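In terms of this note's numbering, the sequence shown has 288 at position 286, counting the first letter as 1, and numbering is strictly consecutive.
Take a look at the structure set out below.
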Amino acid sequence: MAQRTKCLAVCSAGARFELAEVILDELRSNEVLVEIHATGICHTDIACADGKLPVKFPCILGHEGAGVVIQKGQDVQNISIGAKVLLSYNFCGSCSQCASHCPAYCEKLLPMNFGGRRLDRSATVTLPGGKEVFANFFGQSSFARLAVVSKSSVVEVPDDTPLELFAPLGCGIQTGAGAVLNSLNVSSGSSVAVFGVGSVGLSAIMAAKMRGAQTIIAVDLQPSRLKLALDIGATHALVGNDGDVVQQIRSICQPHNRVAFALDCSGAVPVIENMIDSLATRGRAVSVGAPDATKRVSMNVFSHLTLGRQYVGCHQGDSIASEMIPFLIERQREGLFPLEKLISYYNLDQSHQALEDVKNGKTIKPVLRWR
3 MAQRTKCLAV CSAGARFELA EVILDELRSN EVLVEIHATG ICHTDIACAD GKLPVKFPCI
63 LGHEGAGVVI QKGQDVQNIS IGAKVLLSYN FCGSCSQCAS HCPAYCEKLL PMNFGGRRLD
123 RSATVTLPGG KEVFANFFGQ SSFARLAVVS KSSVVEVPDD TPLELFAPLG CGIQTGAGAV
183 LNSLNVSSGS SVAVFGVGSV GLSAIMAAKM RGAQTIIAVD LQPSRLKLAL DIGATHALVG
243 NDGDVVQQIR SICQPHNRVA FALDCSGAVP VIENMIDSLA TRGRAVSVGA PDATKRVSMN
303 VFSHLTLGRQ YVGCHQGDSI ASEMIPFLIE RQREGLFPLE KLISYYNLDQ SHQALEDVKN
363 GKTIKPVLRW R
């Protein structure tokens, strides 16, 4: 039967998140009802709320949820009622990309994560008066006390898992770590440059250290973030607007004169171009930060082909959430992935402060507590 719950909703582009009562639709056979305990706040949530990404209003965002399963549909076999779960991106499981073990590139990725409804166009959430709410965000819309969640978005975790700590693994953290471990496949003893060290970039730095990279260069505009980057594994820190960053990287990476692997988390076109220019022969670079959809990057094609450089895109760090999330939990417990150094916690009545702190760069990864 349908249930009422409280959520943080945005009623128009640029409006504040406000606590609202909504009605959840009855579960479909491939869905679970999750009692949300914590939700990570991501820049994608803010971009959607500001109208910079294609969503409709009113909407319920949130795509780094963590909680406990309290109901499940009849076709949900491998998820237990009462289980602790972390929530990630949604995928169909049957297209050619999913069949090739690449669910991050599911052919139905956009409608299943940004469509606001189920694939059959039915709504998962309505207002008490019956008006449809744009929800089902990443198959979850976890800025809520209760969420109807697609089974594909669910990763069951052990009972002793601290949900508040690991809630952010579902998107930003696995994106940064996965970009290094999967997309770039950074090798031991190599050199890595990370442009933009928010939560995604810092996760990449921790992963590069896990892989045994010898030189790990952090590039950012904020000294406080560079200090944290050095604390968790970077060997060098460069202020992005202080001199010629490409030349500084070349000076650090002797005798090869350039960096073997590079990652951009900023989405800024000049930064992406600097990243490509800093690559060594047969170097590999990846973008995870998204610029405006109209932006284009310029590169010297002759140098790119004669040096055998590679520049690729990346979604979710090429991660399979059911594999990456347990892996990162274990690495954190071993002290190899100190995720706790990135997180600040906020109670529900501090949600506006949490969002402002993200926008102003005062916090790396805010986590909103629902309990």
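We treat Cβ as the ideally placed atom computed from N, Cα and C, and that holds for glycine.
Bear in mind that the values here come from a model prediction, so they are computed numbers and not experimental data.
Same chain, Cβ closer than 7 Å to VAL78, five either side skipped, listed in chain order: ASN32, VAL34, LYS153
Is it true that the CB of ALA231 sits closer than 9 Å to the CB of VAL199? yes
In terms of residue numbering, what span does the beta strand (DSSP E) encompassing GLN312 cover? First-last of the beta strand (DSSP E) with GLN312: 312-315.
Out of ALA106, PHE339, ARG213, state which residue places its alpha-carbon closest to the alpha-carbon of PRO97. Reading off the sequence, residue 97 comes out as Cys, not Pro. Looking at the Cα atoms, ALA106 is the closest of the given residues.
Residues near TYR347 by beta carbon distance below 7 Å, same chain, minus five either side: GLU166, VAL369, ARG371
Under 9 Å, do VAL159 and LYS86 count as touching if we go by C-beta distance? yes
When burial is assigned at 16 or more other CB atoms within 10 Å of the CB, is LEU112 buried or exposed? exposed
On the DSSP bridge list, what partners appear for VAL87? GLY69, GLU158
Ordered along the chain, which non-local residues of its own chain (more than five positions away) have a Cβ less than 6 Å from that of ILE327? Hits under 6 Å: LEU88, VAL157, LEU171.
Between which two residues does the alpha helix (DSSP H) holding LYS211 run? 201-212
State the Cα-Cα distance for the pair GLY117 and VAL57, rounded to the nearest angstrom. 8 Å
Considering only residues of the same chain and omitting the five flanking positions on each side of ALA137, which have a CB-CB separation below 6 Å? ILE62, THR126, VAL127, SER143
Cβ-Cβ separation, ILE43 to GLY67 (assumed contact under 8 Å), whole Å: Actually they are not in contact, since the Cβ atoms of GLY67 and ILE43 sit about 11 Å apart, beyond 8 Å.
Which stretch, first to last residue, makes up the alpha helix (DSSP H) that contains CYS100? Bounds of the alpha helix (DSSP H) holding CYS100 are 98-101.
So within the stretch 115-176, which uninterrupted alpha helix (DSSP H) runs reach at least 4 residues, ignoring any that extend past its ends? 165-168
Please classify LEU240 as buried or exposed, where buried requires at least 16 neighbouring CB atoms within 10 angstroms. Classification of LEU240: buried, given that the 10 Å Cβ count is 16 or more.
Kindly indicate which three-state DSSP category ALA51 falls into: helix, strand or coil? helix
Taking only runs that begin and end inside the stretch 242-271, name each unbroken alpha helix (DSSP H) of 4 or more residues, in chain order. For the alpha helix (DSSP H) assignment, the uninterrupted runs of no fewer than 4 residues enclosed by the stretch 242-271 are, from N- to C-terminal side, 247-254.
Does the separation of the CB atoms of HIS306 and ILE278 fall below 9 Å? yes
What's the gap between the Cα of VAL70 and the Cα of ALA169? 12 Å
Assuming PHE93 and MET114 make a contact with CB atoms under 8 Å, what is their CB distance in whole Å? 6 Å
Identity of the residue in SER289, GLY269, SER192 nearest ASN259 by Cα: A check of alpha carbon separations from ASN259 across SER289, GLY269, SER192 identifies SER192 as the nearest.
With a Cβ-Cβ cutoff of 9 Å, do GLY235 and ALA146 count as a contact? no
Among the candidates VAL360, LYS361, ASP351, whose CA atom is the shortest distance from the CA of ARG373? Nearest of VAL360, LYS361, ASP351 to ARG373, Cα basis: ASP351.
With ALA40 as the anchor, note down where its beta strand (DSSP E) starts and where it stops. 33-42
Quick one: Cα of ALA264 to Cα of PRO130, how far? 49 Å
Opposing strand residues paired with PRO368 [DSSP bridges]: DSSP lists SER346 as partners of PRO368.
ASP27 to GLY16, Cα distance in whole Å? Each residue's Cα considered, the two are about 27 Å apart.
Can you grab the Cα-Cα spacing for the pair VAL84 / THR41, in whole Å? In the sequence as displayed, the identity of residue 84 is Gly instead of Val. Going from the Cα of GLY84 to the Cα of THR41 covers about 18 Å.
Count the other CB atoms, across all protein chains shown, that sit within 10 Å of the CB of VAL290; report buried if there are 16 or more and exposed otherwise. buried
On the DSSP letters alone, give me the boundaries of the beta strand (DSSP E) that PHE197 sits inside. From DSSP, the beta strand (DSSP E) with PHE197 extends over 193-197.
Heavy atom of the ligand FAD less than 8 Å from the Cβ of LYS74, yes or no? This structure simply doesn't include the ligand FAD, nor any ligand for that matter.
From what residue to what residue does the beta strand (DSSP E) around GLN5 run? Per DSSP, GLN5 belongs to the beta strand (DSSP E) from 5-12.
If CYS9 sits next to SER90, beta carbons under 8 Å apart, how far is it from one beta carbon to the other, in whole angstroms? Actually they do not touch by this definition, with Cβ atoms about 19 Å apart.
Taking SER321 and GLN99 to be in contact with their CB atoms under 8 Å, please state how far apart those CB atoms are, rounded to whole angstroms. About 14 Å; that fails the 8 Å criterion.
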